[in-house]
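S.K.:
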Amino acid sequence: MKRIVPFLTAIILTATACGPNIYKAADFNDRTASHKSVAILPAKTIISLRPNEVKRMTREQIKENEDNTGFSVQDRMYS
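Just add 244 to the spot in the sequence shown (first one is 1) and you have the working numbering.
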């Protein structure tokens, strides 16, 4: 019995610690009480490149890379 309690405690702590982290504002429930759905927008990212890297990429490529990074952050954070 003495070995079972610490073992179960460790299992429960591990199981709860491995869950996803959901980041919400403190007043989330008040603001969304009348909403039917809530959109989670991608993060706005700004990529600063070194001078040599700037020469090899166009502004469109940098913008596309920033957009893709924002979607990747959103996907990893909320999935």
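Glycine included, each C-beta is placed from N, C-alpha and C at the ideal position. Bear in mind the structure is a predicted one, so any value in this text is a computation, not a measurement.
Thinking T289 and E310 are a contact (beta carbons under 8 angstroms), I'd like their distance in whole angstroms, please.
M.R.: Stepping through the sequence shown from its first residue, residue 289 is reached at position 45. Stepping through the sequence shown from its first residue, residue 310 is reached at position 66. Between E310 and T289 the Cβ distance is about 5 angstroms, and since that is below 8 angstroms, they are a contact.
S.K.: So what does DSSP say about R294, is it helix, strand or coil?
M.R.: Taking the sequence shown and counting its residues from 1, the one referred to as residue 294 is at position 50. Correct three-state label for R294: coil.
S.K.: Between S278 and F272, what straight-line distance do the alpha-carbon atoms span, to the nearest angstrom?
M.R.: The residue you call residue 278 lines up with position 34 of the sequence shown. The residue you call residue 272 lines up with position 28 of the sequence shown. C-alpha separation (whole angstroms): 11 angstroms.
S.K.: Would you kindly report the start and end of the unbroken alpha helix (DSSP H) that includes L252?
M.R.: Sequence index remark: in the sequence shown, residue 252 carries index 8 (1-based). Run containing L252: I248 to A261, per the alpha helix (DSSP H) assignment.
S.K.: Where T302 and I291 are concerned, what is the direct C-alpha to C-alpha distance, given to the nearest angstrom?
M.R.: Here residue 302 is taken as the residue at index 58 of the sequence shown, counted from 1. Here residue 291 is taken as the residue at index 47 of the sequence shown, counted from 1. Near 13 angstroms, if we compare the C-alpha coordinates of I291 and T302.
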